[in-house]
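Enquirer:
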């Protein structure tokens, strides 16, 4: 087992990463504050791995809530249904919530913990690669609104993150690839050495070799933990973690939630960011090619779907949270391992990156 | 104008108290971050005082939302409707929300600010005495759930609190008395000198003499600010502010939201807490009598409504947030100006405080 710490003063917490952690009560036990517990999982994860978690909670009265699976249930209505169950079970402010599933479960359940009686403790037990390297760390919780993704939410840090990589064995390959997109992201943003090691080992990562998987998750979480510790509420540096996300959110929203996985959209968004960075003269062609090659080797798309034209892209990006006072801010690359946030970019560079606008048909002669 | 500061490090903020503040742009101006603003008010306050606030916001694009008036609209559905309006208006993370109304408006609007894009700035402009001395200070925001009051919410501190006492001239007398209940509370909890001055001046306070009103609000806010600074998230001392609230919440919920005003229920709850403290031998009869007399002079009830029997009281109190790990905690008095939180009390003292249980009818002979 590897352990690292997210350093946030009184709200610091450990991330434990290993194989077989769901068979071992030790990592979880110190964080089970209060007697009554609530587990929020979903209909896919609970049948596969629920028995092992249940065994670890033996002796506690547990309210177990299985959500339907899918991003389309990441709504305020789902959160309200969880809060109702928690109130019916008489959970109090000293109770602990455990989020057991992928990023959607973690976001919804973490937000329920954030607003139940103005906030109770929660523990992340992420079961997908994407949630293990990204959403379970850093305290971002929330749900979607019909007008935009993650528009409703709170910053609420977990008390611990327990990552058992054995859960990845049951993960569909599409979701594995989506998770690898976020792993690649850390290399692109700030760790050229990690990027190079991913170039060397991506096939072994996709084949789930344990030592490679643990190392990739550890390095990703360390990267994220460092950024989060420096900028918990995303006023500055944390925004770098959104590389590929502004383009990606536009793809997710434009296609309808759940059609593209978040990580798939981020993978494509990173390729778009790399090309835009090249168009601005920031990223040299070799580096842009390396970025695209690794994204492609992970099984991700390099170009957005044809259904979303440039005008729709602009409209979807305008509602993104990275807009400040009406100005669109993008995360772009100066090199492999060197990202910057900027609102200063030529309109032509963005236009060159978005899908070509359908030419107006010539008039009839 | 009097000003005091709530000392919370990077989240510190000023409270400005005076007459005519809604005619003066100076107190508000430094806190209007971002270009776009949203004002959340209600159908009662906006027609009375809205023009003056609008004039202060001249030059900003303003989305103005008037909620229906009343505690029964303090729901997650109302929050969702606000979030939708904010998204439609393209408000971003740099926008500022202004809560303009009483405690219900402040709680709802503050919660909307807390969860809109994971939190945006907000300013409290409270227009009722209760919200001026209590709910607008300290960052507690939230809404009710059918199973309990304030069960959904967040801690989210305002950037400033602007209190114009002129708004009290249009306040119904019942609401004024409800606000005075919370003013008395500060004296009872920790300030015997303030309690004595209220005994001397309560009639002038109820008559809205400006210097008395400003002084009472200033001293109440100073008391609250000190407690909040010491214990922002209510892990300890802040719980003292709940004097009268556990009994009071039971009355509010038991009678149906909106039948009893919050402050009215707190006034009665404080009288119950005083009697229970006397029953435990903590409070001497003279002090108990002084507490009851001042509460009665404020026009508040000393006894709970006959509709709620002891069994229903216990049931309603069991779901209160002051329950920790299944144990009911109450705020009780050792003296005028000395409150304590305790889970250690004899069952008989509580039984003596609750309404007499209806005796079981004797069997037919």
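Protein chains in written order, with our numbering: chain V, 111 to 475; chain C, 111 to 475. Beta carbons: idealized from backbone N, C-alpha and C, even for Gly. A quick note: this is a predicted structure, and the numbers were derived from the prediction, not measured.
1. Going by DSSP, which residues form a beta bridge with residue 117 of chain V?
2. Please go through the same chain and pick out, in chain order, the residues whose beta-carbon is closer than 6 Å to the beta-carbon of residue 354 of chain V, but skip the five residues on each side of it.
3. Assign residue 283 of chain C to buried or exposed, taking buried as 16 or more other Cβ atoms, counted over all protein chains shown, within 10 Å of its Cβ.
4. Could you tell me the distance, in whole angstroms, from the CA atom of residue 202 of chain C to the CA atom of residue 196 of chain C?
5. If the cut is a Cβ gap below 9 Å, which residues of chain V does residue 364 of chain C touch?
6. In or out: residue 277 of chain C buried (at least 16 other Cβ within 10 Å) or exposed?
7. If you run the structure through DSSP and keep just helix, strand and coil, what is residue 180 of chain V?
8. What does DSSP give as the partner residues of residue 123 of chain C in its beta bridges?
9. Check whether chain V comes within 7 Å of residue 261 of chain C, counting only Cβ atoms and requiring the distance to be less than that.
10. Can you confirm whether residue 267 of chain C, when its beta carbon is compared against all beta carbons of chain V, has any partner nearer than 7 Å?
11. Would you mind reading off the limits of the beta strand (DSSP E) that contains residue 233 of chain V?
12. Closest by CA to residue 357 of chain C, which one among C:145, C:426, C:389?
13. Alpha carbons only, please: which of V:216, V:162, V:166, V:413 is nearest the one belonging to residue 136 of chain V?
14. Enumerate, from N- to C-terminal direction, the unbroken beta strand (DSSP E) stretches of 3 or more residues contained entirely within the segment 237-309 of chain C.
15. Quick check on this structure: which residue in C:209, C:318, C:172, C:329 has the alpha carbon closest to the alpha carbon of residue 272 of chain C?
16. When burial is assigned at 16 or more other CB atoms within 10 Å of the CB, is residue 444 of chain C buried or exposed?
17. Indicate the three-state DSSP secondary structure (helix, strand or coil) for residue 445 of chain C in the structure shown.
18. Quick one, are the C-beta atoms of residue 483 of chain C and residue 151 of chain C less than 7 Å apart?
19. Just the chain V side, please: which residues come within less than 9 Å of residue 250 of chain C by C-beta, in chain order?
20. Drop a sphere of 10 angstroms on the beta-carbon of residue 155 of chain V, count the other beta-carbons inside from all chains shown, and report buried for 16 or more, exposed for fewer.
21. Between the segment 295-302 of chain V and the segment 445-455 of chain V, do at least 3 Cβ pairs fall closer than 8 Å?
22. Enumerate in chain order the residues of its own chain whose CB-to-CB distance from residue 288 of chain C is below 6 Å, with the five nearest sequence positions on each side excluded.
23. Excluding sequence positions up to five away, which residues of its chain have a Cβ less than 8 Å from the Cβ of residue 395 of chain C?
24. Between residue 175 of chain V and chain C, is the shortest Cβ-Cβ distance under 7 Å, so that the two count as touching?
25. Are the beta-carbon atoms of residue 149 of chain C and residue 172 of chain C separated by less than 7 Å?
26. With contact counted as at least three CB pairs below 8 Å, one residue from each stretch, are the segment 242-255 of chain V and the segment 329-338 of chain V in contact?
27. Can you list the residues of chain C that residue 190 of chain V reaches, using a CB-CB cut of under 7 Å?
28. Within 10 Å of its beta-carbon, does residue 399 of chain C have 16 or more other beta-carbons around it, so buried, or fewer, so exposed?
29. Is residue 408 of chain C helix, strand or coil when you go by DSSP?
30. Going by Cα to Cα distance, which pick from C:223, C:256, C:294, C:360 is closest to residue 262 of chain V?
31. Who are residue 151 of chain V's beta bridge partners in DSSP?
32. Quick check on residue 201 of chain V - is its C-beta less than 7 Å from some C-beta in chain C?
33. Between the Cα of residue 119 of chain V and the Cα atoms of V:320, V:319, V:341, which residue gives the shortest distance?
34. When burial is assigned at 16 or more other CB atoms within 10 Å of the CB, is residue 123 of chain V buried or exposed?
35. Could you list which residues in chain V have their beta carbon closer than 9 Å to that of residue 118 of chain C, in chain order?
36. Classify residue 133 of chain V as buried or exposed, calling it buried when 16 or more other Cβ atoms lie within 10 Å of its own Cβ.
Expert: Well, looking at it:
1. Partner(s): none; residue 117 of chain V has no beta bridge.
2. 376, 379, 380, 383
3. Answer is exposed; the Cβ neighbour count stays below 16.
4. 9 Å
5. Correct list: empty, because the minimum Cβ distance to chain V is about 16 Å.
6. buried
7. coil
8. For residue 123 of chain C, the pairing in a beta bridge is given by DSSP as C:116.
9. Residue 261 of chain C counts as touching chain V.
10. no
11. 231-236
12. C:426
13. V:166
14. Secondary structure remark: continuous beta strand (DSSP E) runs of at least 3 residues inside the segment 237-309 of chain C, in chain order: 250-255, 258-265, 270-274.
15. C:209
16. exposed
17. strand
18. The requested residue 483 of chain C is not part of the displayed model; chain C covers only 111 to 475.
19. 228
20. buried
21. yes
22. Cβ within range, chain order: 240, 371, 373, 374.
23. 388
24. no
25. yes
26. By the C-beta criterion, the segment 242-255 of chain V is judged to be in contact with the segment 329-338 of chain V, since at least 3 inter-stretch pairs fall below 8 Å.
27. 186
28. Here residue 399 of chain C is exposed. Its C-beta has fewer than 16 other C-beta atoms within 10 Å.
29. coil
30. C:223
31. V:176
32. no
33. Minimum Cα distance to residue 119 of chain V is reached at V:341.
34. buried
35. What residue 118 of chain C touches in chain V: nothing, since even the nearest Cβ is about 14 Å away.
36. exposed
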